[in-house]
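Here is the structure we will look at, set down as structure tokens.
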Amino acid sequence: MRQLLAWTLAAAAALAAAPPLAPTAAAADSNCPRLSTSWYGNNRARLQHVVDAYGTCSGHRGAVAAFDWDNTITKNDVTDATISWALRHDVLPRPARWKDTSAWMTDAADRALTAACGTGAGVSLRTSRMPRCTDEILEIRENAKTMSGAPAFAGTWNHRHTVPQYAWVPQLFAGRTVAQLTSYASAARREALAAPIGATRTLGTHTVPAYVRYYDQQRDLVRTLQRAGFRVYIVSAGSEPVTEVWSRPLGVDAAHTIAIRSVLDRHGRITYANEGCGGVPAGKGTAIPYIDGKRCWINQDIYKIHGPAAWKKQPAAQRIAIGGGDADTDVTFVGDATGAHLVLNRNKAEVMCRAYDNADGRWVINPMFIDPLPRKSDPYPCSTTAYNAPDGSHTPVRRPDGSVVPDQADTVY
Numbered sequence: 007m008r009q010l011l012a013w014t015l016a017a018a019a020a021l022a023a024a025p026p027l028a029p030t031a032a033a034a035d036s037n038c039p040r041l042s043t044s045w046y047g048n049n050r051a052r053l054q055h056v057v058d059a060y061g062t063c064s065g066h067r068g069a070v071a072a073f074d075w076d077n078t079i080t081k082n083d084v085t086d087a088t089i090s091w092a093l094r095h096d097v098l099p100r101p102a103r104w105k106d107t108s109a110w111m112t113d114a115a116d117r118a119l120t121a122a123c124g125t126g127a128g129v130s131l132r133t134s135r136m137p138r139c140t141d142e143i144l145e146i147r148e149n150a151k152t153m154s155g156a157p158a159f160a161g162t163w164n165h166r167h168t169v170p171q172y173a174w175v176p177q178l179f180a181g182r183t184v185a186q187l188t189s190y191a192s193a194a195r196r197e198a199l200a201a202p203i204g205a206t207r208t209l210g211t212h213t214v215p216a217y218v219r220y221y222d223q224q225r226d227l228v229r230t231l232q233r234a235g236f237r238v239y240i241v242s243a244g245s246e247p248v249t250e251v252w253s254r255p256l257g258v259d260a261a262h263t264i265a266i267r268s269v270l271d272r273h274g275r276i277t278y279a280n281e282g283c284g285g286v287p288a289g290k291g292t293a294i295p296y297i298d299g300k301r302c303w304i305n306q307d308i309y310k311i312h313g314p315a316a317w318k319k320q321p322a323a324q325r326i327a328i329g330g331g332d333a334d335t336d337v338t339f340v341g342d343a344t345g346a347h348l349v350l351n352r353n354k355a356e357v358m359c360r361a362y363d364n365a366d367g368r369w370v371i372n373p374m375f376i377d378p379l380p381r382k383s384d385p386y387p388c389s390t391t392a393y394n395a396p397d398g399s400h401t402p403v404r405r406p407d408g409s410v411v412p413d414q415a416d417t418v419y
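The sequence shown maps to residues 7 to 419 in this note's numbering.
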């Protein structure tokens, strides 16, 4: 461990002292692992520089790279693909009371779900023949509202530690075993990979993507990092058994896949509780891998930092070398990276403010590889409302020195 910390500090110092594209000794070695796919602008060269500086061709091994999954490694959301499959195949268990499924569910959501879906534990929801039930579940998952527009969740939570509709997804499968959820995710994966790019389907009155694709560039990046001696992790705000189904074929095993972990009962069945992090005990989603929660889980699972310290930014020797994401959900852990902060542009305000401000010169912005978004016409409101505050308000994005990030134009699309 002491040797690992020493070289990590040395590599970080070397990068800090050099321009982002300064050649490394490894760059001249044709046997070093090389990225081979096309990226926007000079992004491949910038990422290759970090691979060379932190990897085996510079005499190092054991640096960490961490990536979000949905819309970072794949196009489209694999948890949503699993929900779609589950709704069409009648496998969601009906709860005794819908309010039991979330600590924050409102009376309005409870009434809407009860009216559309019914109650009474022990049977599966026949959602394939219950479009109103399907609609209520999807609307709550997507927008945290009922179909009538009433808030589905209310109360107090730290908005940088969790979001109720994300925590609610594994709770929809309470009563099923991990093996059963894995089988649903596997069937959904086969279906989504077989569907043509751009395909959609209608569930109730919702139109949802019907396809998922691994990004070739991300496959290549992960494999190159692994060949260069990096430990590659996935850190997702999806359900962990679902994410594992998708990460395993990429060469990232369950031990390197971090997502929302359900507490299991003594029979191995999923419960309404999720594991906690950073001194926060297990509960109905109080602390999940979401914004600052992703940092917490990285610190806890990878660097073995426990208790409240897991929520804090650590010294460079105990931080990832490369972080990659696409949304505000990822902004904290991606910003913690010492070598490169990779962001796929999905027009998410807080993370794009950080990326375009580029305070340390290490932010790497890339359009989505499939169906990229058009240019955002208005600047990101970095100076006013782009930061997601713990109390749920929206405030200015600030640099570590307290200065406000000015509004940023969208230039990489």
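Ideal Cβ placement from N, Cα and C applies to all residues, glycine included.
Can you give me the C-alpha to C-alpha distance between Thr162 and Asp342, rounded to a whole angstrom? Counting from 1 along the sequence shown, the entry for residue 162 is found at position 156. Counting from 1 along the sequence shown, the entry for residue 342 is found at position 336. Distance from the CA atom of Thr162 to the CA atom of Asp342, rounded to whole angstroms, is 27 angstroms.
Would you call the stretch 288-295 and the stretch 164-178 in contact, with 3 or more CB pairs under 8 angstroms? The answer is yes - the stretch 164-178 touches the stretch 288-295, with three or more Cβ pairs under 8 angstroms.
In three-state DSSP terms, what is Ile297? Position 291 of the sequence shown, counting from 1, holds the residue named residue 297. The three-state reading of DSSP puts Ile297 in coil, since its state is none of H, G, I, E or B.
For the beta strand (DSSP E) containing Pro373, name the first residue and the last one. Translated into positions along the sequence shown, residue 373 becomes position 367. Here the beta strand (DSSP E) through Pro373 covers 369-373.
Complete runs of the alpha helix (DSSP H) confined to the stretch 122-149 [at least 4 residues]: Complete alpha helix (DSSP H) runs here, min 4: 137-149.
If we require 3 or more residues per run, which beta strand (DSSP E) segments fall completely within the stretch 49-106? Entirely contained in the stretch 49-106, the beta strand (DSSP E) runs reaching 3 residues are, in chain order, 70-73.
Identify, in the order they occur along the chain, each residue of the same chain with its Cβ nearer than 7 angstroms to the Cβ of Glu246, setting aside the five sequence neighbours on each side. Within the sequence shown, residue 246 is the residue found at index 240, counting from 1. Around Glu246: Thr263, Ala265, Ile266, Arg267.
For Asp298, which residues of its own chain have a beta-carbon under 7 angstroms away from its beta-carbon, when the five flanking residues on both sides are left out? The residue you call residue 298 lines up with position 292 of the sequence shown. Cβ-Cβ distances below 7 angstroms link Asp298 to Arg166, His167, Trp317, Thr338 in the same chain, with the five nearest sequence neighbours on each side left out; the list follows chain order.
Given Arg100 as reference, the closest of Tyr278, Val340, Lys319, Arg405 once Cα atoms are compared: The residue labelled residue 100 in the question sits at position 94 within the sequence shown. When only C-alpha atoms are compared, the closest one is Tyr278.
What does Thr208 pair with, by DSSP beta-bridge criteria? For the purposes of this step, residue 208 is identified with residue 202 of the sequence shown, where counting begins at 1. The secondary-structure analysis by DSSP pairs Thr208 across a beta bridge with Thr213.
Going by beta-carbon coordinates alone, are Ala87 and Val218 separated by less than 8 angstroms? In the sequence shown, counting from the first residue as 1, residue 87 sits at position 81. In the sequence shown, counting from the first residue as 1, residue 218 sits at position 212. The answer is yes: Cβ separation under 8 angstroms.
Suppose the cutoff is 6 angstroms on Cβ atoms and the five residues either side in sequence are ignored; what does the same chain contact list for Gly235 look like? Taking the first residue of the sequence shown as position 1, residue 235 is located at position 229. Closer than 6 angstroms at the Cβ level, and outside the excluded window around Gly235, lie Gly61, Thr62, Arg67.
In angstroms, rounded to a whole number, what distance separates the CA positions of Ala16 and Asn48? Locating residue 16 in the sequence shown gives position 10, counting from the first residue. Locating residue 48 in the sequence shown gives position 42, counting from the first residue. Because Ala16 carries a pLDDT of 40, less than 50, the predicted location of this residue cannot be relied on, and no value is offered for it.
How many Å lie between Ala127 and Glu281 at the Cα? The count along the sequence shown starts at 1 and reaches residue 127 at position 121. The count along the sequence shown starts at 1 and reaches residue 281 at position 275. In this model, Ala127 and Glu281 are separated by some 23 angstroms (Cα to Cα).
By Cβ distance, which residues of its chain are closer than 8 angstroms to Arg94, with the 5 residues on each side in sequence left out? The sequence position of residue 94 within the sequence shown is 88, counting from 1. Closer than 8 angstroms at the Cβ level, and outside the excluded window around Arg94, lie Thr133, Ser134, Leu209.
Would you call the stretch 377-388 in contact with the stretch 399-414, where contact means no fewer than 3 C-beta pairs closer than 8 angstroms? In this structure the stretch 377-388 lies against the stretch 399-414, because at least three pairs of beta carbons, one per stretch, are closer than 8 angstroms.
With DSSP as the reference, label Tyr419 as helix, strand or coil. Residue mapping note: residue 419 aligns to position 413 of the sequence shown, counting from 1. Looking at Tyr419 - three-state DSSP - the assignment turns out to be coil, as it is neither helix nor strand.
Taking the alpha-carbon of Leu144 as reference, which of Asn351, Arg40, Cys123, Asn164 has the nearest alpha-carbon? Residue 144 sits at position 138 when you count from the first residue of the sequence shown. Closest in C-alpha terms to Leu144, from the list Asn351, Arg40, Cys123, Asn164, comes Cys123.
Using the beta-carbon count (16 or more within 10 Å), is Leu270 buried or exposed? As a working note, residue 270 is residue 264 in the sequence shown. Classification of Leu270: exposed, given that the 10 Å Cβ count is below 16.
Have a look at Arg225 and Ile308 and give me their C-alpha separation to the nearest angstrom. Along the sequence shown, read from residue 1 onward, the residue named residue 225 stands at position 219. Along the sequence shown, read from residue 1 onward, the residue named residue 308 stands at position 302. Going from the Cα of Arg225 to the Cα of Ile308 covers about 22 angstroms.
What three-state label does DSSP hand Leu350 in the structure shown? Mapped onto the sequence shown, residue 350 falls at position 344. Strand, per DSSP.
Span of the alpha helix (DSSP H) holding Leu270? Numbered from 1 along the sequence shown, position 264 holds the residue referred to as residue 270. That residue, Leu270, is in no alpha helix (DSSP H); its beta strand (DSSP E) goes 268-270.
Is the stretch 153-160 touching the stretch 106-113 in the sense that three or more CB pairs, one from each, lie closer than 8 angstroms? The stretch 106-113 is in contact with the stretch 153-160.
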